[in-house]
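What follows is a single structure, written as structure tokens, with notes after it.
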């Protein structure tokens, strides 16, 4: 159990059957009345953010979130298949759980699966990936003074914007959190 006076950023707790992570907290001591703790809580399952206040003496069970390395194997219809790197056990997850998190991930790449009480609720891609450009328009000489970009398709099928000097067959480094081009690899 963790009391509200011990709240810190990143702590995961269970409130009313929901698993929430503390995004922001503030201990408030008003001139009149009792002290309280103002928080911003993020629901780790659905991503919603709420604001709540607590008395410093309130206690909540601390939730144990497990994050484990898996290898992304392949997609079969609406199911995505992963393999545990330690036990070689395979797990198939539906599209609703995976969402857009594998947009920049090739088969046989490493990802993290987040679970609570044995139920996987999220897939975390690596922060940076290197992918080959499979489709883009040719850039024109002398048209780079403005830092212009053009659309390109990478080998996973995702669309990104790249500088005009990037051509088909070039490997590019991409930030998977924002989907932005970083550099040529």
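Numbering (the numbering used here), first residue to last: 98 to 282. C-beta: ideal position from N, C-alpha, C; glycine also.
Should residue 264 and residue 247 be called a contact, given that it needs their Cβ atoms to be closer than 8 Å? no
Practice prompt. Spell out whether any CB of chain B is found under 8 Å from the CB atom of residue 267.
Written response: The question asks about chain B, but that chain is absent: this structure has only one protein chain.
**Any 3 or more C-beta pairs closer than 8 Å across the stretch 205 to 212 and the stretch 223 to 233** = yes
Could you please give me the residues that DSSP links to residue 180 through a beta bridge? 168 and 187
- First through last residue of the beta strand (DSSP E) which encompasses residue 269: 268 to 272
Next item on the list: For residue 135, collect the residues of the same chain with a Cβ closer than 6 Å to its Cβ; drop the 5 residues on either side in sequence, then sort them by chain order.
Entry: 123, 125 and 150
- Query: Roughly how many whole angstroms lie between the Cα atoms of residue 106 and residue 164?
  - Reply: 18 Å
- Could you spell out the range, first to last residue, of the alpha helix (DSSP H) harbouring residue 298? This structure does not reach residue 298, given that the chain is present from 98 up to 282, and the question cannot be answered.
For residue 101 and residue 155, believed in contact at Cβ under 8 Å, the rounded distance: 5 Å
- Kindly indicate which three-state DSSP category residue 100 falls into: helix, strand or coil? strand
- Smallest Cα separation from residue 167: which of 157, 161, 179 and 173? 179
| said: Here's the rule I'm using: 16 or more other beta-carbon atoms within 10 Å means buried, otherwise exposed. How should residue 171 be labelled? | reply: exposed
Review point. Which of the three DSSP states, helix, strand or coil, is assigned to residue 140?
Key: strand
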